[in-house]
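One rule links them: number in the working numbering = place in the sequence shown (from 1) + 1126.
Yeah, the Cβ is synthetic: ideal placement off N, Cα and C, and Gly gets one too.
These numbers come from a predicted model, not from an experiment.
Inspection log for the structure reproduced underneath, given as structure tokens.
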Amino acid sequence: MSRAVLIDAIRTASGRGKPGGGLSEIHPVDLLAQTLQQLVERTGIDPALVDDVIAGCVTQAGRQSSNIARNAVLAAGFPESVPGTTIDRQCGSSQQAAQFAAQSILSGTSDIVVACGVEQMSRQPIGYATRGEDAAGPMLRGRYPDGFVHQGISAELIASRWKISRAELDAYAAESHARAASAIDRGLFLPEVVPVTVTTADGSTTRFSIDETVRRGTTADGLANLPPAFREDAYAERFPEIGWNITAGNSSPLTDGASAALIMSEEKAEELGLTPLARFVGFAQVGSDPIEMLTGILPATRRVLDRTGIRIDDIDVFEVNEAFASVPLVWQREFDVDAARLNPWGGAIALGHPLGASGTRLLATLVNALRTGGGRYGLQTMCEGGGMANATIIERI
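Here it is, written out as structure tokens:
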């Protein structure tokens, strides 16, 4: 069986996911297309050799509808013979895209696949795709008669059930910003961040290349002054155990961004004279309680470790998506890893969470951190809406 290897992984800088953010004026097709063009330029790959492009995107409506993967492939100037498909595993969409890409290579179905993702939350915010319609239906609601909750409530439930204090949440969030700011100052993100050209309404162009969601000087004391973001009387009555400690400050911000990874067989890389950065070692995906929702990262991590035979102590870098501070904190409690190895350059609280693009964004940072620090194994895991999670282990080559 051929090995699936990672040739390169890149991302755009994170744009604030609101009007006026650095990426709010670009069309999301162009945002992803420019990222694909940068991947081709950096690796020198002939795009005609690409067997498929798999893109993660959560809000597949409006400007992100109609198979944005295919539209971006064509917009990027790839030959018309290169197909593209768009997938939705919620926040783990582009991580799943990378897994599908690697699995396609491992099976011998493909030689070269691009996994990527895009999300422009400034224009297509959470909930935009439903247009006010019921996305569940009577049968699903019948199984959960008390009703579903949004992820903010799930983050509160996790903090309460694992007894994570407001002080711990705020301290973690402040550290995420501090680590990200330090990484920027040391130039650590330069190998993974690619610039994007944004054309504004007046026809002028700007180059966007700096993560604008990182808030320098953020302190736990400052975050302590923020009010709870998700408290509602109905939820307070339903879940009296909630302490209402999740705020805008210890949550990931709304974000615009795109990311992409070039994945191929080891034989094809050798044939093309390309040097891989890493190989894919193992994958896992799980379902979990759709009310607690965000704890699937725990069984997903256990499953990928069991399947690969790799011990948690063998892993040098962990990227656990910081959807909310309670998520990586509960993961750290369960696995008792050194905090220095967990999101060492900051996570989504500082670097943003552009939903469909976050999976390959984490992959880019993970392989970059392994390469910079000389580590061997890296693990990334992502909690996902509806109660799911993905986990991936890579080995630096």
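If you draw a straight line from the Cα of C1217 to the Cα of V1244, it is about 11 Å long. As the crow flies, the alpha-carbon of T1401 is around 53 Å from that of D1272. V1322 and L1149 do touch by the CB rule: their CB atoms are close to 7 Å apart, below 8 Å. With respect to the 8 Å criterion, R1287 and A1404 are not classified as neighbours on the basis of their beta carbons. A distance below 6 Å between beta-carbons, with the five flanking residues on each side excluded, links G1188 to the following residues of its chain, in chain order: Q1250.
For I1194, DSSP records no beta bridge to any residue. The Cβ neighbour count for T1331, taken over all protein chains shown within 10 Å, is under 16; the residue is labelled exposed. The three-state reading of DSSP puts E1445 in strand, counting E and B together.
In the displayed model, T1235 falls within coil according to three-state DSSP, outside both helix and strand.
The segment 1152–1170 makes no contact with the segment 1510–1517: fewer than 3 CB pairs, one atom from each, lie closer than 8 Å. Taking C-beta separations shorter than 6 Å and ignoring five residues to either side along the sequence, the partners of Q1225 in its chain run F1409, following chain order. Within the model, the alpha-carbon separation for V1239 versus M1390 is close to 6 Å.
Shortest Cα-Cα distance from E1448 to any of R1428, R1269, P1470 and R1497 involves P1470. M1247 and R1341 have their alpha carbons spaced roughly 19 Å apart. Closest by C-alpha distance to I1284, out of S1452, A1261 and V1463, is S1452.
When the five nearest sequence neighbours on each side are left out, the beta carbons in the same chain lying within less than 8 Å of the beta carbon of D1415 are those of T1421 and G1513, in order along the chain. Here DSSP, grouped into helix, strand and coil, assigns I1438 to helix. Excluding sequence positions up to five before and after P1317, its CB lies within less than 6 Å of the CB of N1494, all in the same chain and listed in chain order.
Below 8 Å, enough C-beta pairs join the segment 1137–1147 and the segment 1474–1486 to call them touching: three or more. Non-local C-beta neighbours of T1169 in its own chain, meaning closer than 8 Å and more than five positions away in sequence, comprise I1133, D1134, L1388 and L1400, ordered along the chain. A residue is called buried when at least 16 other Cβ atoms come within 10 angstroms of its Cβ; S1484 meets this threshold and is buried. The beta carbon of R1487 sits closer than 6 Å to the beta carbons of R1137 and S1385 from its chain, once the five residues preceding and following it are set aside; these are given in chain order. For the pair L1232 and A1395, the CB atoms are not nearer than the 8 Å cut-off.
In terms of Cβ geometry, A1281 and G1375 do not form a close pair [threshold 8 Å].
For the pair I1279 and Y1361, the CB atoms are nearer than the 8 Å cut-off. For F1461, there is no enclosing beta strand (DSSP E); the residue is part of the alpha helix (DSSP H) that begins and ends at S1452 to F1461. Assignment of beta strand (DSSP E) within the segment 1329–1375, counting only whole runs of 3 or more residues, yields 1331–1334 in chain order. Counting only runs of 4 or more residues that sit fully inside the segment 1235–1264, no alpha helix (DSSP H) segment turns up.
Unbroken alpha helix (DSSP H) runs of no fewer than 4 residues, entirely contained in the segment 1128–1192, are found at 1154–1169, following chain order. The shortest C-alpha to C-alpha distance from A1241 to any of C1183, T1256 and P1354 is the one to C1183. Contact between S1302 and G1473 holds, since their C-beta atoms are separated by about 5 Å, short of 8 Å.
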